[in-house]
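Here's the structure, in structure tokens; my notes come after.
In our numbering, the protein residues as written are 96 to 172.
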């Protein structure tokens, strides 16, 4: 494949969908796939299971949160 050296995970799209869309997607995927700190056991083992569902691999706790990160920012209008 060899398309991911500079563009990361968005290399799978090739020349399709435009640069701006791929930059945004790359940022979201990078945040979503990393491990976060569990609020219960304080270990860096919190991983995304599905959209809004997070599970700690250390203490087996399940919690809900944001779609891409465990704690989503609140937006007031």
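Beta carbons: idealized from backbone N, C-alpha and C, even for Gly.
| Item | Value |
| --- | --- |
| Here's the rule I'm using: 16 or more other beta-carbon atoms within 10 Å means buried, otherwise exposed. How should residue 166 be labelled? | exposed |
| By how many angstroms is the C-alpha of residue 106 removed from the C-alpha of residue 100? | 8 Å |
| Given a cut-off of 8 Å on the beta-carbon distance, is the pair residue 143 and residue 132 in contact? | no |
| Kindly indicate the opening and closing residues of the alpha helix (DSSP H) around residue 104. | Where residue 104 is concerned, there is no enclosing alpha helix (DSSP H), given that its DSSP letter is neither H nor E. |
| Please report how far the alpha carbon of residue 124 lies from the alpha carbon of residue 102, in whole angstroms. | 12 Å |
| In three-state terms, what does DSSP make of residue 121? | helix |
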